[in-house]
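Notes for the one structure printed next.
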Amino acid sequence: MAPALALYRTSVGKKVVMALTGLILVGFVVAHMLGNLKVFTGGEHLNEYAEFLRTVGAPALPYGMALWIARIVLLVSVVLHIVAATQLTLQDRAGRPQRYAYHKKQAATYASLTMRWGGVIILLFVIYHILHFTTGTAHQNYIHGDVYHNVVSGFQVWYVSVIYIIAMVALGAHLYHGVWSMFQTLGLNNQTWNGVLRGIAVLTALAVVIGNIALPVAVLAGFLT
Amino acid sequence: MNVTLHVWRQKNATSPGKMVKYEAKNISPDTSFLEMLDSVNQELIARDEDPIAFDHDCREGICGTCSLMINGLAHGPERATTTCQLHMRSFKDGDTIYIEPWRASAFPVLKDLVVDRGAFDRIIASGGYISVSTGSAPEANSVPVPKDASDLAMDAAACIACGACVAACPNASAMLFTAAKVSQLALLPQGQPERQRRVLDMVRQMDSEGFGHCTNIGECSTACPKEISMDFIAMLNREHLKATLSKK
Ligand code: FES
Numbered sequence: 205m206a207p208a209l210a211l212y213r214t215s216v217g218k219k220v221v222m223a224l225t226g227l228i229l230v231g232f233v234v235a236h237m238l239g240n241l242k243v244f245t246g247g248e249h250l251n252e253y254a255e256f257l258r259t260v261g262a263p264a265l266p267y268g269m270a271l272w273i274a275r276i277v278l279l280v281s282v283v284l285h286i287v288a289a290t291q292l293t294l295q296d297r298a299g300r301p302q303r304y305a306y307h308k309k310q311a312a313t314y315a316s317l318t319m320r321w322g323g324v325i326i327l328l329f330v331i332y333h334i335l336h337f338t339t340g341t342a343h344q345n346y347i348h349g350d351v352y353h354n355v356v357s358g359f360q361v362w363y364v365s366v367i368y369i370i371a372m373v374a375l376g377a378h379l380y381h382g383v384w385s386m387f388q389t390l391g392l393n394n395q396t397w398n399g400v401l402r403g404i405a406v407l408t409a410l411a412v413v414i415g416n417i418a419l420p421v422a423v424l425a426g427f428l429t
Numbered sequence: 075m076n077v078t079l080h081v082w083r084q085k086n087a088t089s090p091g092k093m094v095k096y097e098a099k100n101i102s103p104d105t106s107f108l109e110m111l112d113s114v115n116q117e118l119i120a121r122d123e124d125p126i127a128f129d130h131d132c133r134e135g136i137c138g139t140c141s142l143m144i145n146g147l148a149h150g151p152e153r154a155t156t157t158c159q160l161h162m163r164s165f166k167d168g169d170t171i172y173i174e175p176w177r178a179s180a181f182p183v184l185k186d187l188v189v190d191r192g193a194f195d196r197i198i199a200s201g202g203y204i205s206v207s208t209g210s211a212p213e214a215n216s217v218p219v220p221k222d223a224s225d226l227a228m229d230a231a232a233c234i235a236c237g238a239c240v241a242a243c244p245n246a247s248a249m250l251f252t253a254a255k256v257s258q259l260a261l262l263p264q265g266q267p268e269r270q271r272r273v274l275d276m277v278r279q280m281d282s283e284g285f286g287h288c289t290n291i292g293e294c295s296t297a298c299p300k301e302i303s304m305d306f307i308a309m310l311n312r313e314h315l316k317a318t319l320s321k322k
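Going down the list, the sequences are from chains A and B.
For the first sequence, the numbering used here assigns the number 205 to the initial residue and increments by one for each residue that follows.
For the second sequence, the numbering used here assigns the number 75 to the initial residue and increments by one for each residue that follows.
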């Protein structure tokens, strides 16, 4: 515990926390995207998969237990990720109280400069997403347990689909810089591996965006009914 | 050629400053940027006004004393070039040029374009050295150094501590500087005895000076007159993580 606390006290260590929680969250996002693709194998498969997530580990684990463990791990990761990001952002703000009258950027990418607001957009989206598909509160036609129906009827509302597509683009940008940044923070980047690690970041971002956007697009196109 | 300058003027560390407009007339394109400022200063002195204060020393691109944010870019528009090595041919006749000091709370402005970079000295003092017993110098070849390690250490050691990385960073982070200084010693056999303590102490000092943190944006390397690679930041992260986890 002592090394972890010593680490967290430094800016470099806070980034390690962001990288490790980021790794957990990226892993979840990729797995979630792969699970989503089950929708293309038919409603029954998707609903079975959703039920499977609740029965994993049975009989050792009671019904829904594994799912709740995963949710708690994710929630803790999200909180740590945001707390560290907020503390570091405040440190940066204090680092340059007086702005330049004239400042040009040469190397910064759009993705790297929008990590903070992009992160806020993703957080708002996650809250909406849970209210929409998990609790059904924000869904106009929610049937508990019928995931396939909820997905298709949810995305048939065009502006809901638009919200999801925009959120996925924001997530893609966050992952594009975040995944690469994670490698840098964990000290993995060097001349030999930079190309490969960049490639992994690009592929992760593209896979998540394309895989997830496929759902609302397929529903709007009338491919899934 | 003629150029219009907007220069940050600030009487001292405590007074507020502002951008002031000057005209630089009949400047040869072969004049260096600092000589252009010298000639503006000559006119100011002739008019009995306070000349513009700016830092410079070697004017050969090796000491790291010169600075200046020129049109929003640290050391101006040329890559791998310090301000003292920048020439007016990099600009066009009639250009407007904005000149500001490095901006970071860890680099307080002392006067006009001069900032206090003592924070860098304190980072070095916290660990950027090796301890050796004094006496006659040992035989240089008695400590073998692998060629690739010495090459990489030299790349890091090219850092002249000018502060352009901090100035260019959107977060005013000193990671590139600190990383170069940690890496140059971590790569060499002479740096091993203090390797762990060095990175921990230097990072702690860097944080306590009030610099921002690194979001891996890369403005630092691009602005760096010595083109220090961001890979050294990864090396610092690696050193720091290892040192924290293995510290007794
Ligand atoms: S004055 Fe020495 S590097 Fe520019």
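Cβ atoms here follow ideal geometry from the backbone N, Cα and C, with glycine treated the same way.
Assigned with DSSP and collapsed to three states, A/Thr339 falls in coil, not helix or strand. As the crow flies, the alpha-carbon of A/Val356 is around 37 Å from that of A/Phe387. In the three-state reduction of the DSSP assignment, B/Glu109 falls in the helix class.
Collapsing the DSSP output to three states places B/Arg312 in a helix.
Nearest to A/Met319 by alpha-carbon distance, out of A/Val260, A/Pro207, A/Ala208 and A/His381, is A/His381. Within 7 Å of the C-beta of B/Asp229 there is not a single heavy atom belonging to the ligand FES. The beta carbon of B/Ala308 sits closer than 8 Å to some beta carbon of chain A. Contact note: B/Thr296 reaches chain A through Gln310 and Ala311, using a C-beta cutoff of 8 Å and chain order.
Taking 8 Å as the Cβ-Cβ cut-off, the stretch 130-149 of chain B approaches chain A at Met143, Asn145, Gly146 and Leu147, given in chain order. Excluding sequence positions up to five before and after A/Ile417, its CB lies within less than 7 Å of the CB of Ile369 and Met372, all in the same chain and listed in chain order. Considering only beta carbons, the part of the stretch 180-191 of chain B lying closer than 8 Å to chain A consists of Ala180, in chain order. Cβ-Cβ separation between B/Met309 and B/Ala242: approximately 20 Å, too far for a contact (criterion under 8 Å). Collapsing the DSSP output to three states places B/Leu142 in coil. About 6 Å separates the beta carbons of A/Ala289 and A/Met222, which is inside the 8 Å limit, making them a contact pair. Not a single heavy atom of the ligand FES lies less than 7 Å from the C-beta of B/His80. Beta bridge pairing from DSSP links B/Phe181 with B/Ala178.
Distance from the CA of B/Ile136 to the CA of B/Cys239, rounded to the nearest whole angstrom, comes to 16 Å. Taking C-alpha positions only, B/Asn290 is separated from A/Ser316 by approximately 8 Å. Excluding five sequence positions before and after B/Asp275, the CB atoms of its chain that fall closer than 7 Å to its own CB belong to Ser200 and Gly201, given in chain order. Cβ contact annotation for A/Leu257 (same chain, cutoff 6 Å, sequence separation greater than five): Leu271, in chain order. The C-beta separation of B/Leu79 from B/Tyr96 comes to about 4 Å, placing the pair in contact by the 8 Å criterion. Using beta-carbon distances, B/Arg278 counts as an interface residue toward chain A, with a partner under 8 Å. At least one heavy atom of the ligand FES falls within 7 Å of the beta-carbon of B/Gly138. Counting along the chain, no alpha helix (DSSP H) covers B/Met75, and no H or E run does either. Per DSSP, the continuous alpha helix (DSSP H) segment holding B/Glu293 begins and ends at Glu293 to Ala297. At a cut-off of 8 Å between beta carbons, B/Pro244 contacts chain A. Contact between B/Arg163 and B/Asp112 fails: their C-beta atoms lie close to 17 Å from each other, not under 8 Å. Annotation for B/Cys239 indicates a beta carbon at 7 Å or more from all heavy atoms of the ligand FES.
Here B/Ser247 is buried: its Cβ has 16 or more other Cβ atoms, across all protein chains shown, within 10 Å. Rounded to whole angstroms, the Cβ separation of A/Asn251 and A/Asp350 is 7 Å, and the two are in contact under 8 Å. Taking 8 Å as the CB threshold, B/Asn100 stays off the interface with chain A. Sequence-distant Cβ neighbours of B/Ala223 in its own chain, meaning closer than 6 Å and more than five residues away, are Leu261. According to DSSP, residue pairing for B/Thr170 in a beta bridge involves B/Thr78. With a cut-off of 7 Å, the C-beta of B/Asp131 is classified as near the ligand FES, since at least one heavy atom of the ligand falls inside that distance. The residues Gly135, Cys140, His149 and Pro299, in chain order, have a CB closer than 6 Å to that of B/Thr156 in the same chain once the five nearest residues on each side in sequence are set aside. Between B/Asn215 and chain A, the shortest Cβ-Cβ separation is not below 8 Å.
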